[in-house]
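Working notes, beginning with the structure itself.
Number of protein chains: 4
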Amino acid sequence: MDKITFIGLGNMGAPMAKNLLKAQLNVEVFDLNPSAVQELTELGATSADSLPQAVQGANVVITMLPASQHVQSVYLGEGGILDSVESGTLLIDCSTIDAETARDVSAKSHQRGYGFVDAPVSGGVAGAGAGTLTFIVGGSKDDFEQAKAILDHMGKNIFHAGEAGAGQVAKICNNMMLGILMSGTCEALNLGVENGLDPKVLSDIMLQSSGRNWALELYNPCPGVMENVPSSNGYQGGFMSQLMAKDLGLAMEAAVASQSPTPMGSLARNLFNFHNSQGNGQKDFSSLYEFYQKEK
Amino acid sequence: MDKITFIGLGNMGAPMAKNLLKAQLNVEVFDLNPSAVQELTELGATSADSLPQAVQGANVVITMLPASQHVQSVYLGEGGILDSVESGTLLIDCSTIDAETARDVSAKSHQRGYGFVDAPVSGGVAGAGAGTLTFIVGGSKDDFEQAKAILDHMGKNIFHAGEAGAGQVAKICNNMMLGILMSGTCEALNLGVENGLDPKVLSDIMLQSSGRNWALELYNPCPGVMENVPSSNGYQGGFMSQLMAKDLGLAMEAAVASQSPTPMGSLARNLFNFHNSQGNGQKDFSSLYEFYQKEK
Amino acid sequence: MDKITFIGLGNMGAPMAKNLLKAQLNVEVFDLNPSAVQELTELGATSADSLPQAVQGANVVITMLPASQHVQSVYLGEGGILDSVESGTLLIDCSTIDAETARDVSAKSHQRGYGFVDAPVSGGVAGAGAGTLTFIVGGSKDDFEQAKAILDHMGKNIFHAGEAGAGQVAKICNNMMLGILMSGTCEALNLGVENGLDPKVLSDIMLQSSGRNWALELYNPCPGVMENVPSSNGYQGGFMSQLMAKDLGLAMEAAVASQSPTPMGSLARNLFNFHNSQGNGQKDFSSLYEFYQKEK
Amino acid sequence: MDKITFIGLGNMGAPMAKNLLKAQLNVEVFDLNPSAVQELTELGATSADSLPQAVQGANVVITMLPASQHVQSVYLGEGGILDSVESGTLLIDCSTIDAETARDVSAKSHQRGYGFVDAPVSGGVAGAGAGTLTFIVGGSKDDFEQAKAILDHMGKNIFHAGEAGAGQVAKICNNMMLGILMSGTCEALNLGVENGLDPKVLSDIMLQSSGRNWALELYNPCPGVMENVPSSNGYQGGFMSQLMAKDLGLAMEAAVASQSPTPMGSLARNLFNFHNSQGNGQKDFSSLYEFYQKEK
Chain A
1 MDKITFIGLG
11 NMGAPMAKNL
21 LKAQLNVEVF
31 DLNPSAVQEL
41 TELGATSADS
51 LPQAVQGANV
61 VITMLPASQH
71 VQSVYLGEGG
81 ILDSVESGTL
91 LIDCSTIDAE
101 TARDVSAKSH
111 QRGYGFVDAP
121 VSGGVAGAGA
131 GTLTFIVGGS
141 KDDFEQAKAI
151 LDHMGKNIFH
161 AGEAGAGQVA
171 KICNNMMLGI
181 LMSGTCEALN
191 LGVENGLDPK
201 VLSDIMLQSS
211 GRNWALELYN
221 PCPGVMENVP
231 SSNGYQGGFM
241 SQLMAKDLGL
251 AMEAAVASQS
261 PTPMGSLARN
271 LFNFHNSQGN
281 GQKDFSSLYE
291 FYQKEK
Chain E
1 MDKITFIGLG
11 NMGAPMAKNL
21 LKAQLNVEVF
31 DLNPSAVQEL
41 TELGATSADS
51 LPQAVQGANV
61 VITMLPASQH
71 VQSVYLGEGG
81 ILDSVESGTL
91 LIDCSTIDAE
101 TARDVSAKSH
111 QRGYGFVDAP
121 VSGGVAGAGA
131 GTLTFIVGGS
141 KDDFEQAKAI
151 LDHMGKNIFH
161 AGEAGAGQVA
171 KICNNMMLGI
181 LMSGTCEALN
191 LGVENGLDPK
201 VLSDIMLQSS
211 GRNWALELYN
221 PCPGVMENVP
231 SSNGYQGGFM
241 SQLMAKDLGL
251 AMEAAVASQS
261 PTPMGSLARN
271 LFNFHNSQGN
281 GQKDFSSLYE
291 FYQKEK
Chain B
1 MDKITFIGLG
11 NMGAPMAKNL
21 LKAQLNVEVF
31 DLNPSAVQEL
41 TELGATSADS
51 LPQAVQGANV
61 VITMLPASQH
71 VQSVYLGEGG
81 ILDSVESGTL
91 LIDCSTIDAE
101 TARDVSAKSH
111 QRGYGFVDAP
121 VSGGVAGAGA
131 GTLTFIVGGS
141 KDDFEQAKAI
151 LDHMGKNIFH
161 AGEAGAGQVA
171 KICNNMMLGI
181 LMSGTCEALN
191 LGVENGLDPK
201 VLSDIMLQSS
211 GRNWALELYN
221 PCPGVMENVP
231 SSNGYQGGFM
241 SQLMAKDLGL
251 AMEAAVASQS
261 PTPMGSLARN
271 LFNFHNSQGN
281 GQKDFSSLYE
291 FYQKEK
Chain R
1 MDKITFIGLG
11 NMGAPMAKNL
21 LKAQLNVEVF
31 DLNPSAVQEL
41 TELGATSADS
51 LPQAVQGANV
61 VITMLPASQH
71 VQSVYLGEGG
81 ILDSVESGTL
91 LIDCSTIDAE
101 TARDVSAKSH
111 QRGYGFVDAP
121 VSGGVAGAGA
131 GTLTFIVGGS
141 KDDFEQAKAI
151 LDHMGKNIFH
161 AGEAGAGQVA
171 KICNNMMLGI
181 LMSGTCEALN
191 LGVENGLDPK
201 VLSDIMLQSS
211 GRNWALELYN
221 PCPGVMENVP
231 SSNGYQGGFM
241 SQLMAKDLGL
251 AMEAAVASQS
261 PTPMGSLARN
271 LFNFHNSQGN
281 GQKDFSSLYE
291 FYQKEK
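Chains as they are written, first to last, in UniProt numbering: chain A, 1 to 296; chain E, 1 to 296; chain B, 1 to 296; chain R, 1 to 296.
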């Protein structure tokens, strides 16, 4: 049976790896945090003392890392993945990073005879646990097909966005849109409330009108309008405001590199940045609604 | 049978009045444009030579006018509606204007013993013709119920947004959101395209992800992605870019008056304003996509 | 000797009227606040019980009022200035209001045979006391010349900006620029500090480079860089942040009316608005620097 | 006599090197463009066939390169400066690049025993020719003092901004401020003109009021207001709009890295980006005024 090595067992990586184990796959894990490793070995994973050992004999290597510099170091560093795996291995990076780094790692992987896809996810910790993540994949058609067979065990929607780096670009564009939707929804609801409207009534009207959007449908940022969303739970859980700012920062880097205008996304980044600077980075990103409200 | 006087037979008003005639109601019309009047009288409406005559004996007066100053003059001017109608008449203003004017006309109407609701619409010329408009109504519960019985002949969704002026406020908030959605959607698609993505593929991914919104679902601004939308028809038809700018201007006035922050809506207004200044005001508002594109 | 009636003895009006008394002019004052009136009568002014009495026999009437609605009521209301003064009187409004109201009051003044100029000021309470205000005047050449003879007693620079309303437009444009300068200066200094620079060193460099501007030269917003400015005094004194937001709101109204793009000014308004909403409206406007800083 | 090697003989580098020759210094030059090299050798410079040869025996190496990637390659690449110079050499990089790269090159230079300063310039081609450039220098006090002795031959103001990278940070902050000043000045003048003011009159008023700034003083963007500026010469000459956008892009990268809010600078970048996308990148940056104007 194929051996899959999973590197990076954080909040997202750990439940993703568990879903591979549930599918009866042969999984070896690696992480610098021993307790994260132990949790997976107790569920049937094997483990190794070093990264080179961990990827030894792997047919597929999956990485889930915090940021670009970790991806660079784990793939390209001395004793990193590219130095250690066998020819023909398929490499799947699920981290959310800048597209340029993804293209660079992809090119260097192909030079050495490995397959590579960038496959950032959306769906959060809940989706990772439930195996319902969305994967947005960049890479050749062949690499995509191979990767899809594995990703199907961890997600529900597996999109082929285009060539190498396209997964990152599409995720960045989607998340920039999300930042704009949330900022705009907070702003429109607050304008209504400060002009005497009931936020529930206004939300109902907009949901059936041309203001309808994902944030309003599933994630109303005004406390008390919807149940079971972070805004009705003290903005706990959900998607941290500092991660929204990170993704908007990636969009800015892409925009500067391609000299594309992104005024709305830039402004959204700055709004989240102001909000986070006031100590709200760990709250759910819909807490931006509080930033709009007048102090009582 | 009740007499309904309809004032303002423009692109929206004319088809709305026709739907009242189709419902076999007794409709008198008034407009300064004789050919607009003739079109309605040929369909069974009565008409009058002056506004005071037109509203004589009316139980309900409906107005559909271009902007705040017309509403002020038609209602409050010498020989205007408030000087001419009989006590107990219900006044329904379907114009999209600033909330302050709506509240002022409402208060003066009530002082003289008339009912009044502000009932701006969404759904455009097509919705007006099909009788499927959305009405967003501000006024007392009683006035709303009475108005609803009439508006039902011209629309599909009749919302009660709150007290006097609330219809305008809710419409303004919704349309500010729409301006933000369209700007953001143009921006995200353009960023993707300038980084190598196919706009159709990116749209499909975002539609199933957290970037989903009304503009992307029903009104994709990138030519060729959807059929039967203005972007695939040279940005003809639809909702004129200069009207989007007008509605965003109303949002700015409301925001200045209530000292509410509206950075995203302000920026969207400015983007449409730049675009319109380059001779695009009469195009559909999704033509903002062209503003984002690099000159070939 | 000419009689000058001065209406509106607030923080600005009172010291302005005192400077007219110092110049040995014949001044009658009017204000709803008796202690403000008494302060001036003790210095030699006459007073009256009502506005019509106060302007009786005046050759010149000067008004200094908080906002547009006060100007409308004091000039155009029943028993207001236009109903009460004698033909040939010169009316000088020093309030900062929207240009449209200024043009309206000017037109109605001229219809009744009065001269009128809009003459908003800059220079603050300190300038009002020292008699070094800047007056930015809109009106005919003749009216301007007459007004200048009086304004010279209260100010140092008297500009003729153009026809009626031009004084307000020029002041609004200048103050929008000021809002942009202050926002930008806070932002550039904060970016430097968060990247390791000393704010004094960075300020010195920018002052001798192309970033030089009024805020940096005379009003450094970073505490400790300059002496004798509000930032080195807990942001007390100076020009209140809520007045900056008011002026930026006037700019937005002018921009919406003329359909002019003002993205930078709009954004500055929103930044001050966010800042003020957090309880800082009474601080000096350079306190926006605190809004940029990360919470400690 | 000390040998100075000058690498990068573009629009800026060539006149800078000439000023060193005028000062009777011993200059060796290197550039991939033979005619640029020839121009300098005719004036007394020596030259070499390769970069390693060119820096052989140099006491000081000065580089003036277009962007970060060139600096990385020329300093850190195989056979680059760090591989080729002798211990104790002082390295001066006058390119405008991101601070992170500057810090990285500085650290690697010091590891090998070389001095290093980042010393970006302002003052443009005219200042380079006249020897009146401003140098904004980052590095240790010793390195700064040594570098200053050389830079004095090419510039008028030599600032010590702080430690390694501080030169780049200060230049980026200043130029972000400049982008904001120019955008704001275009916007304020255009708002005035569209509300009936004469741009010369408005400029004069603002110059003596709180809207005063470098762009208004020395570089009025409205054609016809000042003589001998690019706006009165078809926006030819001066500082290219695409270079303004490049510098604002560097500011965005610094802001994303330090998670600093830069809403005004971000917006300015986007305005220049829109403007450049319409084919104006080679015009002087004050041509942004045209972007604000309504199409005739």
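Glycine residues also receive a C-beta, built at the ideal position from the N, C-alpha and C atoms.
Computed from a predicted structure; not experimentally measured.
Check your understanding: Is the beta carbon of M226 (chain R) less than 9 Å from the beta carbon of Y235 (chain R)?
Key -> Stepping through the fourth sequence from its first residue, residue 226 (chain R) is reached at position 226. Stepping through the fourth sequence from its first residue, residue 235 (chain R) is reached at position 235. Cβ atoms of M226 (chain R) and Y235 (chain R): not closer than 9 Å.
Point to revise | Element boundaries [beta strand (DSSP E), containing D83 (chain B)] | key: One-based indexing of the third sequence puts residue 83 (chain B) at position 83. Run containing D83 (chain B): none in the beta strand (DSSP E); it sits in the alpha helix (DSSP H), I81 to S84.
Review point. Of all the residues that make up the stretch 187-198 of chain E, which are near chain A by a beta-carbon distance shorter than 8 Å?
Key: E187, A188, L189, N190, L191, G192, E194, N195, G196, L197 and D198
Check your understanding: Going along chain A in order, which residues have a C-beta closer than 8 Å to the C-beta of T262 (chain R)?
Key -> In the fourth sequence, residue 262 (chain R) corresponds to position 262, counting from 1. By Cβ distance, chain A contributes N270.
Check your understanding: Considering only residues of the same chain and omitting the five flanking positions on each side of H110 (chain R), which have a CB-CB separation below 7 Å?
Key -> Residue 110 (chain R) sits at position 110 when you count from the first residue of the fourth sequence. Within the same chain, H110 (chain R) has close Cβ partners F116.
Check your understanding: Any idea what DSSP makes of H160 (chain R), helix, strand or coil?
Key -> For the purposes of this step, residue 160 (chain R) is identified with residue 160 of the fourth sequence, where counting begins at 1. Looking at H160 (chain R) - three-state DSSP - the assignment turns out to be strand.
Check your understanding: Is L177 (chain R) helix, strand or coil by DSSP?
Key -> Sequence index remark: in the fourth sequence, residue 177 (chain R) carries index 177 (1-based). Contrary to the premise, residue 177 (chain R) reads as Met rather than Leu in this sequence. If DSSP states are grouped into helix, strand and coil, M177 (chain R) belongs with the helices.
Practice item. Look at the Cβ atom of A107 (chain R), then the Cβ atom of V137 (chain R), and state whether they are nearer than 9 Å. Key: The residue you call residue 107 (chain R) lines up with position 107 of the fourth sequence. The residue you call residue 137 (chain R) lines up with position 137 of the fourth sequence. Cβ distance not < 9 Å, so A107 (chain R) and V137 (chain R) don't count as in contact.
Check your understanding: Does the beta-carbon distance from L21 (chain A) to L40 (chain A) come in below 9 Å?
Key -> In the first sequence, counting from the first residue as 1, residue 21 (chain A) sits at position 21. In the first sequence, counting from the first residue as 1, residue 40 (chain A) sits at position 40. Result yes, Cβ atoms of L21 (chain A) and L40 (chain A) sit closer than 9 Å.
Point to revise | Inter-residue spacing [alpha-carbon to alpha-carbon] between N270 (chain B) and S258 (chain A) | key: By one-based count along the third sequence, residue 270 (chain B) stands at place 270. By one-based count along the first sequence, residue 258 (chain A) stands at place 258. Those two C-alpha atoms are separated by around 29 Å.
Practice item. For N276 (chain A), decide whether its Cβ has a neighbour in chain E, counting only Cβ atoms nearer than 9 Å. Key: Against the first sequence, residue 276 (chain A) aligns to sequence position 276. No, no contact with chain E.
Check your understanding: Do Y114 (chain E) and P221 (chain E) have their C-beta atoms closer together than 9 Å?
Key -> Reading the second sequence from its first residue, position 114 is the one you call residue 114 (chain E). Reading the second sequence from its first residue, position 221 is the one you call residue 221 (chain E). No, Cβ-Cβ distance for Y114 (chain E) and P221 (chain E) is not below 9 Å.
Point to revise | Local Cβ density within 10 Å of residue 303 (chain R), reported as buried at 16 or more and exposed below that | key: One cannot answer for residue 303 (chain R) here, as it falls past the ends of chain R, which runs 1 to 296.
Check your understanding: If you measure from the beta carbon of L267 (chain A) to each beta carbon in chain R, is any gap under 9 Å?
Key -> Mapped onto the first sequence, residue 267 (chain A) falls at position 267. So yes, L267 (chain A) belongs to the interface.
Review point. K108 (chain B) lies in the beta strand (DSSP E); which residues open and close that run?
Key: Counting from 1 along the third sequence, the entry for residue 108 (chain B) is found at position 108. Note, K108 (chain B): premise wrong, no beta strand (DSSP E); alpha helix (DSSP H) at A99 to Q111.
Review point. Taking Cβ-Cβ distances shorter than 8 Å, what residues in chain R pair up with K294 (chain E)?
Key: Position 294 of the second sequence, counted from the start, is the residue given in the question as residue 294 (chain E). Those are S277, listed as they occur along chain R.
Exercise for review: Could you tell me which residues DSSP pairs with M226 (chain E) in its beta bridges?
Suggested key: One-based indexing of the second sequence puts residue 226 (chain E) at position 226. Answer by DSSP bridge pairing: none, since M226 (chain E) is not bridged.
Point to revise | Whether F2 (chain B) touches P52 (chain B) by CB criterion (9 Å) | key: Residue numbering aside, residue 2 (chain B) sits at position 2 when the third sequence is read from its first letter. Residue numbering aside, residue 52 (chain B) sits at position 52 when the third sequence is read from its first letter. Reading the sequence as shown, one finds Asp at residue 2 (chain B) and not Phe. Not closer than 9 Å, so no.
Review point. From which residue to which residue does the alpha helix (DSSP H) around G138 (chain B) run?
Key: Looking up residue 138 (chain B) in the third sequence gives position 138. Unbroken run through G138 (chain B) is the beta strand (DSSP E), L133 to G138; no alpha helix (DSSP H).
**Study point:** Any alpha helix (DSSP H) of 4 or more consecutive residues that is wholly inside the stretch 21-104 of chain B
**Key:** 34-41, 51-55, 68-76 and 81-84
Check your understanding: Along chain B, in chain order, which residues have C-beta atoms closer than 9 Å to that of G77 (chain E)?
Key -> Numbered from its first residue, the second sequence carries residue 77 (chain E) at position 77. Ordered by position in chain B, no residue passes the 9 Å Cβ test against G77 (chain E), which lies about 16 Å from the chain.
Check your understanding: Which same chain residues, not among the five before or five after S232 (chain R), have their C-beta less than 7 Å away from its C-beta?
Key -> For this step, residue 232 (chain R) is matched to residue 232 along the fourth sequence. Excluding residues within five positions, the ones whose Cβ falls inside 7 Å are P223, G224 and M226.
Check your understanding: From A279 (chain R) to S260 (chain A), what does the alpha carbon distance come to, in whole angstroms?
Key -> As a first step, residue 279 (chain R) is located in the fourth sequence; it is residue number 279 there, counting from the start. As a first step, residue 260 (chain A) is located in the first sequence; it is residue number 260 there, counting from the start. Position check: residue 279 (chain R) holds Gly in this sequence, whereas Ala was assumed. One C-alpha to the other measures close to 14 Å.
Check your understanding: Can you tell me the Cα-Cα spacing of K156 (chain B) and G131 (chain B), whole angstroms?
Key -> Indexing the third sequence from 1 puts residue 156 (chain B) at position 156. Indexing the third sequence from 1 puts residue 131 (chain B) at position 131. Taking the straight line from one Cα to the other gives about 7 Å.
Review point. Below 9 Å between beta carbons: does that hold for T89 (chain E) and V71 (chain E)?
Key: As a working mapping, residue 89 (chain E) is identified with position 89 in the second sequence. As a working mapping, residue 71 (chain E) is identified with position 71 in the second sequence. No, the Cβ-Cβ distance between T89 (chain E) and V71 (chain E) is not below 9 Å.
Exercise for review: Step through the CB atoms of chain B and report whether any lies within less than 9 Å of the CB of E86 (chain E).
Suggested key: Here residue 86 (chain E) refers to the residue found at position 86 of the second sequence. Judged by the 9 Å Cβ criterion, E86 (chain E) is not in contact with chain B.
Check your understanding: Taking 9 Å as the CB-CB limit, is M252 (chain R) close to chain A?
Key -> Within the fourth sequence, residue 252 (chain R) is the residue found at index 252, counting from 1. Chain A, which has a Cβ nearer than 9 Å to the Cβ of M252 (chain R), makes this yes.
Review point. Are the stretch 194-214 of chain E and the stretch 168-180 of chain A touching, with three or more C-beta to C-beta distances below 8 Å?
Key: yes
**Study point:** Counted within 10 angstroms of its Cβ, other Cβ atoms place A149 (chain B) as buried (16 or more) or exposed
**Key:** Within the third sequence, the letter at position 149 stands for residue 149 (chain B). A149 (chain B) comes out exposed.
Review point. With respect to the alpha helix (DSSP H) encompassing G265 (chain A), which residues constitute its N-terminal and C-terminal limits?
Key: What you label residue 265 (chain A) is simply residue 265 of the first sequence in a count that begins at 1. P263 to H275 is the extent of the alpha helix (DSSP H) around G265 (chain A).
Check your understanding: What does N157 (chain B) touch in chain R if you count any residue whose Cβ is under 7 Å from its own?
Key -> Taking the third sequence and counting its residues from 1, the one referred to as residue 157 (chain B) is at position 157. Those within 7 Å of N157 (chain B) in chain R are Q208.
Exercise for review: Could you pull the start and end residues of the alpha helix (DSSP H) that F239 (chain R) belongs to?
Suggested key: On the fourth sequence, position 239 is the one that residue 239 (chain R) refers to. No alpha helix (DSSP H) holds F239 (chain R); DSSP gives it neither H nor E.
Review point. Can at least three beta-carbon pairs, one atom from the stretch 242-257 of chain A and one from the stretch 211-218 of chain A, be found at a separation below 8 Å?
Key: no
Review point. When the distance is taken between beta carbons, is P120 (chain B) closer than 9 Å to T101 (chain B)?
Key: Sequence index remark: in the third sequence, residue 101 (chain B) carries index 101 (1-based). Sequence index remark: in the third sequence, residue 120 (chain B) carries index 120 (1-based). Taking 9 Å as the Cβ cut-off, T101 (chain B) and P120 (chain B) do not qualify as a contacting pair.
Exercise for review: Determine the contact status of E28 (chain A) and A48 (chain A), defining contact as a CB-CB distance below 9 Å.
Suggested key: In the first sequence, the residue the question calls residue 28 (chain A) occupies position 28. In the first sequence, the residue the question calls residue 48 (chain A) occupies position 48. Taking 9 Å as the Cβ cut-off, E28 (chain A) and A48 (chain A) qualify as a contacting pair.
**Study point:** Buried versus exposed, by CB contacts within 10 Å (16 or more), S209 (chain B)
**Key:** On the third sequence, position 209 is the one that residue 209 (chain B) refers to. It counts as buried.
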